[in-house]
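Residue numbers (our numbering), protein chains in the order written: chain A, 21 to 175; chain B, 21 to 175. Report on one structure; see the data block that follows.
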DNA sequence: CTTAAATTTGTTACATTATAACAAATGGAA
DNA sequence: TTCCATTTGTTATAATGTAACAAATTTAAG
Ligand SMILES: [Zn+2]
Ligand SMILES: [Zn+2]
Ligand SMILES: [Zn+2]
Ligand SMILES: [Zn+2]
């Protein structure tokens with residue numbers, strides 16, 4: 021629950037990259053900054069629009085390259101169910117087999133880095149001969165906030 | 021493990037639709053048939069190509085409408101991680117909170133309808149105030165066959 | 001410092017995935 | 001039959017993502 025300021029988060033990300041022998045360039049930092057400050061998940065072309073405010077020359081490859089890099093080094097996650105991206109709040113924790121709770125209403129994401137009950141799941145599928153990769157598991161549903169405001173229906 | 025023939029599977033699907041007050045029209049049946057006979061998951065435009073062999077007028081909406089219908093009635097599942105679709109081998113079982121084991125190498129899918137350990141997961145996220153929806157969970161990794169043939173790397 | 005290699009970025013074009021919108025056809029109920 | 005709802009045909013376009021190659025920048029030698 022360490023609530024770092026945005027610059028502190030960016031500096032921590034910077035150090036994380038250096039540790040791994042990678043560079044957090046200006047563009048990559050800007051994209052990460054957008055994701056961090058936005059809070060909720062963002063789509064690639066929404067990131068592009070925002071990025072173009074400060075970098076008018078930015079094009080789709082600009083954004084996708086930065087996103088690919090940030091995914092590689094584990095600073096962000098991709099949400100397959102939304103075709104969207106979200107900053108990882110705890111990139112320094114080793115989270116093989118983490119879980120992402122994706123709200124279908126507000127598109128907010130809650131991340132669970134390493135829950136004990138996940139081993140039940142990985143053990144069970146391993147017993148079936150399946151070797152899970154290291155992606156995060158995505159669970160779609162309604163966050164607590166949206167349950168209250170949304171009596172009946174998800175989007 | 022009932023290995024029904026394709027016509028038997030299609031007839032069972034037909035009855036399933038009728039029970040639910042829905043109609044398995046020719047197009048829908050053809051799309052389901054392609055998915056059932058293909059075995060592995062298929063992409064929408066691959067389904068379209070195959071469908072056009074017998075229905076030259078088929079266009080993207082033709083396929084997407086059929087897929088939407090089959091998803092609605094639970095005869096197929098969508099694989100968010102692959103933008104692909106797969107026939108549900110056990111559509112008659114109530115599988116809220118099922119699991120799909122998606123092989124990153126061969127794109128084969130193994131479905132686990134209702135595993136006891138899934139309740140650990142749903143209970144845990146419910147305790148966090150999150151209400152999971154009724155989609156299937158997707159776990160990416162390597163199936164047992166591909167592990168043997170693939171010493172090192174997933175795709 | 002100069003040069004060469006590697007990485008990153010700019011730029012254009014294109015590929016893939018999915019949907020909007022509206023007309024035509026089909027199938028049942030009144 | 002006539003009306004209405006559902007399904008299908010058709011065209012166009014939106015949304016998401018990548019290929020390919022040139023230019024710029026950074027890094028590492030020489
Ligand atoms: Zn994370
Ligand atoms: Zn929400
Ligand atoms: Zn199923
Ligand atoms: Zn496989």
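Ideal placement from N, C-alpha and C gives every residue a C-beta, glycine not left out.
When the options are compared against residue i, the one with the closest alpha-carbon
{"i": "residue 136(B)", "options": "166(A), 141(A), 82(A)", "result": "141(A)"}
{"i": "residue 81(B)", "options": "64(B), 157(B), 43(B), 158(B)", "result": "64(B)"}
{"i": "residue 75(A)", "options": "23(A), 102(A), 51(A), 166(A)", "result": "51(A)"}
{"i": "residue 11(B)", "options": "32(B), 108(B), 124(B)", "result": "As displayed, chain B neither begins before 21 nor continues past 175, which places residue 11(B) out of reach and without an answer."}
{"i": "residue 164(B)", "options": "99(B), 126(B), 45(B), 134(B)", "result": "126(B)"}
{"i": "residue 131(B)", "options": "143(B), 105(B), 149(B)", "result": "105(B)"}
{"i": "residue 166(B)", "options": "124(B), 61(B), 146(B)", "result": "124(B)"}
{"i": "residue 73(A)", "options": "148(A), 47(A), 84(A)", "result": "47(A)"}
Exposure of residue i, with buried meaning 16 or more beta-carbon neighbours within 10 Å
{"i": "residue 37(A)", "result": "buried"}
{"i": "residue 118(B)", "result": "buried"}
{"i": "residue 155(A)", "result": "buried"}
{"i": "residue 168(B)", "result": "exposed"}
{"i": "residue 161(A)", "result": "buried"}
{"i": "residue 29(A)", "result": "buried"}
{"i": "residue 27(A)", "result": "exposed"}
{"i": "residue 152(B)", "result": "buried"}
{"i": "residue 100(A)", "result": "buried"}
{"i": "residue 69(B)", "result": "exposed"}
{"i": "residue 90(B)", "result": "buried"}
{"i": "residue 98(B)", "result": "buried"}
{"i": "residue 116(A)", "result": "exposed"}
{"i": "residue 95(A)", "result": "buried"}
Cross-chain neighbours of residue i in chain A, by beta carbon under 9 Å
{"i": "residue 176(B)", "result": "Outside the modelled stretch of chain B, which goes from 21 to 175, sits residue 176(B), for which no answer is possible."}
{"i": "residue 159(B)", "result": "141, 142, 145, 150, 152, 153, 155, 157"}
Residues sharing a beta bridge with residue i, DSSP
{"i": "residue 150(B)", "result": "Partner(s): none; residue 150(B) has no beta bridge."}
{"i": "residue 131(B)", "result": "120(B)"}
{"i": "residue 159(A)", "result": "121(A)"}
{"i": "residue 107(A)", "result": "96(A)"}
{"i": "residue 63(B)", "result": "104(B)"}
Chain-ordered neighbours of residue i on chain B, where CB pairs are closer than 7 Å
{"i": "residue 135(A)", "result": "144"}
Closer than 9 Å at the beta carbon, the chain B residues around residue i
{"i": "residue 167(A)", "result": "149, 150, 151"}
Where residue i meets chain B, residues with beta-carbon distance less than 8 Å
{"i": "residue 130(A)", "result": "148, 150"}
{"i": "residue 113(A)", "result": "By Cβ distance, chain B contributes nothing, its closest Cβ being about 17 Å from residue 113(A), past 8 Å."}
{"i": "residue 124(A)", "result": "153"}
Chain-ordered neighbours of residue i on chain A, where CB pairs are closer than 8 Å
{"i": "residue 61(B)", "result": "Neighbours of residue 61(B) on chain A: none; closest Cβ ~14 Å, over 8 Å."}
{"i": "residue 162(B)", "result": "150, 151, 153"}
{"i": "residue 100(B)", "result": "100, 101, 158"}
Contacts that residue i makes with chain A (C-beta to C-beta distance below 7 Å)
{"i": "residue 66(B)", "result": "In chain order: nothing, as chain A lies at least about 19 Å away."}
Distance between beta carbons of residue j and residue i, contact taken as under 8 Å
{"i": "residue 134(B)", "j": "residue 113(B)", "result": "7 Å"}
{"i": "residue 102(B)", "j": "residue 122(B)", "result": "7 Å"}
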